[in-house]
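Visitor: Residue numbers (the numbering used here): 121 to 618.
Note that CB positions come from ideal geometry on N, CA and C, so glycine has one too.
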Ligand SMILES: Cc1cc2nc3c(=O)[nH]c(=O)nc-3n(C[C@H](O)[C@H](O)[C@H](O)COP(=O)(O)OP(=O)(O)OC[C@H]3O[C@@H](n4cnc5c(N)ncnc54)[C@H](O)[C@@H]3O)c2cc1C
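Given below as structure tokens:
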């Protein structure tokens, strides 16, 4: 029996284990997970009966093989019952995607809509300036050298400065001029003014748009009790199929001879333990993976240990009221708000009540919010105490006019490597990739495992492809790296109409 060690029990690691055990009974599968629970950064965290995501995790995919796994693990709410209560405990609910951009004390639709509200918010003069700058950008396209060029070519300088510049700077902590255009390709893909106008017309006339861009999707799936519910169920399936998950085990070193890994060393209760295997699948950050090897070519190590990441802090805050404008039904509709305004450090606010009413203990009288902040691990912000985070959250909720309510309860979550970044040593990433591919029995999957801005579905897809490659020697490791690359994206299926 061949033994496979999978590092990390997040979406990618769990999917690799599930696919392998389902498709070939001759493998022994062991997962090593550093944390005490599964799900990685897609888990759900519970605090005094209220639940929060690390961010907010929308389930949406164009990958049929990923959607098939979602369905195998947990049923989907039927479309005709959408937005009604579902008595089943473990089920994907259908949710309405409502999100807005907060800028200069006004709210704009997200994705940006070219409608009367936007024109009134911007004012006639600024609307014309935006129109002219868009026309100019369409006629004289820039050579795209960085993310700023990427946005300007699609939206014009003026709209870019209003809707993208400030938020991008908050997320990455640097000017879009210093960020690779590759991030735009990953994040917003084919979104442009033309795509927005087309989408608005389609919605206006209720036409079907099979090619709708990922960021324009208006509905999504969400497990009744948060994304962690799905990953706990997936972990159960892995164990039912014979897989073993060791929690609280952190992989720190590798024993490697020439181009083959023999064993991993992991820490458990402060003790080093060794585990040998035939094949190793890694979803741990590439920087940590390379640090765990004894002998690595100097050039490879240099690039890998300087790979950049952006850290992330979510402050879960329980309040009794929101000051935001309500919809016709008397409720605030948003799942989340983008805070473009640079007078506050706040980047985004989640309203977990609207993700699923089952996320909040008392939906009648309270709102559980997730205030999102982007920073670097070395920042003074990342090191702030929980009380300091609570105070900053309270101040910025008031300043943005989102809520002036006293904070009834709060919970702070810090994630060191939330965002693999596309700058600095990333420019030479190919050197690292080539080296990792040369290790014959190692497969890199997932988000930090590939240093790619992958969502859950693409992280899962890398795992599915990895199993394809392991089971079919005629396939190449490059197939795993090719998931969520631009060329691949344009080939894939149409969006399933929700
Ligand atoms: C704020 C935010 C919002 C997001 N929103 C969405 C969304 O709406 N929709 C969507 O599809 N995706 C979203 N994502 C992306 C999604 O979270 C990731 O794509 C997904 O979690 C990546 O899965 P993964 O398994 O590759 O990595 P991870 O989730 O990071 O899991 C990796 C696992 O490996 C473990 N590990 C790491 N190092 C070691 C080690 N040395 N030894 C043992 N174990 C180790 C970790 O503890 C972790 O459990 C969001 C991400 C963020 C940060």
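Classify residue 235: buried if its beta carbon has 16 or more other beta carbons within 10 angstroms, exposed otherwise.
Guide: exposed
Visitor: Unbroken beta strand (DSSP E) runs of length 3 or more, entirely within the stretch 546 to 598: which are they?
Guide: 562 to 564
Visitor: Can you list, in chain order, the residues of its chain whose CB lies under 6 angstroms from that of residue 246, leaving out five sequence neighbours each side?
Guide: none
Visitor: Is the beta carbon of residue 578 closer than 8 angstroms to that of residue 619?
Guide: This structure gives no information on residue 619, because the portion of the chain shown stretches from 121 to 618.
Visitor: Taking the alpha carbon of residue 601 as the reference point, which residue from 580, 564, 587 and 466 has its own alpha carbon closest?
Guide: 564
Visitor: Measuring only from the beta carbon, is residue 498 closer than 7 angstroms to any heavy atom that is part of ligand 1?
Guide: no
Visitor: Using only alpha-carbon positions, find the residue among 583, 434 and 476 that is nearest to residue 532.
Guide: 434
Visitor: Quick one: complete beta strand (DSSP E) runs, 3+ long, within the stretch 138 to 172?
Guide: 147 to 152 and 164 to 167
Visitor: Looking at ligand 1, does it come within less than 7 angstroms of residue 64, judged from the CB to the closest heavy atom?
Guide: A question about residue 64 goes unanswered here, because the residues of the chain that appear run from 121 up to 618.
Visitor: Any contact between the stretch 260 to 280 and the stretch 514 to 523? By contact I mean 3 or more CB pairs, one from each, below 8 angstroms.
Guide: No, because fewer than three Cβ pairs between the stretch 260 to 280 and the stretch 514 to 523 fall closer than 8 angstroms, the two stretches do not touch.
Visitor: Please tell me whether residue 153 and residue 129 are closer than 8 angstroms, where the distance is taken between their beta carbons.
Guide: yes
Visitor: Buried or exposed, going by whether 16 or more other CB atoms sit within 10 Å of the CB of residue 124?
Guide: buried
Visitor: My output table needs one value for residue 330: the three-state DSSP class, helix, strand or coil.
Guide: Interpretation of residue 330 is limited by its pLDDT of 48, a score under 50 that renders its predicted location unreliable; no figure is taken from the coordinates.
Visitor: So, are the CB atoms of residue 426 and residue 295 less than 8 angstroms apart?
Guide: No; because the gap between Cβ atoms is not below 8 angstroms, this pair is not in contact.
Visitor: Please name the residue, chosen from 184, 185, 142 and 214, that lies closest to residue 198 on a Cα-to-Cα basis.
Guide: 214
Visitor: Could I get the ranges of all uninterrupted alpha helix (DSSP H) runs contained in the stretch 458 to 529, with 4 residues as the minimum, in chain order?
Guide: Entirely contained in the stretch 458 to 529, the alpha helix (DSSP H) runs reaching 4 residues are, in chain order, 472 to 475 and 506 to 519.
Visitor: Pick from 241, 349 and 305: whose alpha carbon is nearest that of residue 166?
Guide: 349
Visitor: Please classify residue 412: does DSSP put it in a helix, a strand, or coil?
Guide: When DSSP states are grouped into helix, strand and coil, residue 412 belongs to the coil group.
Visitor: With respect to 7 angstroms, is the separation between the Cβ of residue 371 and the closest non-hydrogen atom of ligand 1 below this value?
Guide: Taking 7 angstroms as the cut-off, the C-beta of residue 371 counts as close to a heavy atom of ligand 1.
Visitor: Taking the alpha helix (DSSP H) that residue 258 belongs to, which residues open and close that run?
Guide: 244 to 259 is the extent of the alpha helix (DSSP H) around residue 258.
Visitor: So for residue 436, helix, strand or coil by DSSP?
Guide: strand
Visitor: Report yes if the C-beta distance between residue 561 and residue 406 is below 8 angstroms; otherwise report no.
Guide: Result no, Cβ atoms of residue 561 and residue 406 do not sit closer than 8 angstroms.
Visitor: Would you mind working out which of 140, 287 and 440 sits nearest residue 587, comparing C-alpha positions?
Guide: 140
Visitor: At a cut-off of 7 angstroms, is residue 174 close to ligand 1 when judged by its beta-carbon and the heavy atoms of the ligand?
Guide: yes
Visitor: Write down the C-beta distance between residue 494 and residue 472 rounded to the nearest angstrom, noting that I regard them as a contact closer than 8 angstroms.
Guide: Contact flag wrong, Cβ pair sits at about 19 angstroms.
Visitor: Which of the three DSSP states, helix, strand or coil, is assigned to residue 229?
Guide: strand
Visitor: Contact between the stretch 394 to 412 and the stretch 359 to 373: three or more CB pairs below 8 angstroms?
Guide: yes
Visitor: How many Å lie between residue 400 and residue 157 at the Cα?
Guide: 21 angstroms
Visitor: Which one or two residues does DSSP pair with residue 130 in a beta bridge?
Guide: According to DSSP, residue 130 bridges with nothing at all.
Visitor: For residue 483, which of 498, 452 and 458 has the nearest alpha-carbon?
Guide: In this structure, 452 is the residue among 498, 452 and 458 with its C-alpha nearest to the C-alpha of residue 483.
Visitor: Rounded to a whole number of angstroms, what is the C-alpha to C-alpha distance between residue 185 and residue 408?
Guide: Here the C-alpha atom of residue 185 lies approximately 30 angstroms from the C-alpha atom of residue 408.
Visitor: Considering only heavy atoms of ligand 1, does any lie closer than 7 angstroms to the CB of residue 551?
Guide: A distance criterion of 7 angstroms places the beta-carbon of residue 551 beyond contact range of ligand 1, judged by its closest non-hydrogen atom.
Visitor: Put residue 336 into one of helix, strand or coil per three-state DSSP.
Guide: With a pLDDT of only 44 at residue 336, under the threshold of 50, the placement of this residue in the model should not be trusted; the figure read from the coordinates follows. The three-state reading of DSSP puts residue 336 in helix, counting H, G and I together.
Visitor: Express the C-alpha separation of residue 402 and residue 221 in angstroms, rounding to a whole number.
Guide: Near 37 angstroms, if we compare the C-alpha coordinates of residue 402 and residue 221.
Visitor: Between residue 129 and ligand 1, is the CB less than 7 angstroms from at least one heavy atom?
Guide: Yes - ligand 1 has a heavy atom lying nearer than 7 angstroms to the Cβ of residue 129.
Visitor: Quick one: does the C-beta of residue 447 sit closer than 7 angstroms to a heavy atom of ligand 1?
Guide: Relative to ligand 1, the beta carbon of residue 447 is positioned no closer than 7 angstroms to any heavy atom.
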